[in-house]
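**Q** Just dropping this structure here.
In the numbering used here, the protein residues as written are 3 to 107.
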């Protein structure tokens, strides 16, 4: 090295060495490596599959939420009907008691 400072100009030998390094194929072209291409394709396929599964899960969660809301509505309606049946049963027992009291006289 010509000097310890980074600002110092390169010597002729350093420039030649730098040119040789830059001229060498660095292997940076990923398309020349079939294994690298296969890994990139597999990774992209995995990301796509995860995205599809995530969307499907979101749709299923939404559908389940709708089904739960319908079931809750049905339960509320059944509770109201049960209250009506219980009220009718109480009224029926009251009328039976009145009829039995009238018969006993």
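Ideal Cβ positions, reconstructed from N, Cα and C, are used throughout, including at glycine.
How is residue 53 classed by DSSP in three states: helix, strand or coil?
**A** Helix.
**Q** Could you have a look at residue 78 and say whether DSSP puts it in helix, strand or coil?
**A** Helix.
**Q** Run through DSSP, which three-state label would residue 13 get?
**A** Note: residue 13 maps to coil in three-state DSSP.
**Q** So for residue 99, helix, strand or coil by DSSP?
**A** In the structure shown, residue 99 sits in a helix (DSSP, three-state: H, G or I).
**Q** Quick check on residue 35: does DSSP put it in helix, strand or coil?
**A** Residue state, collapsed to three classes: coil.
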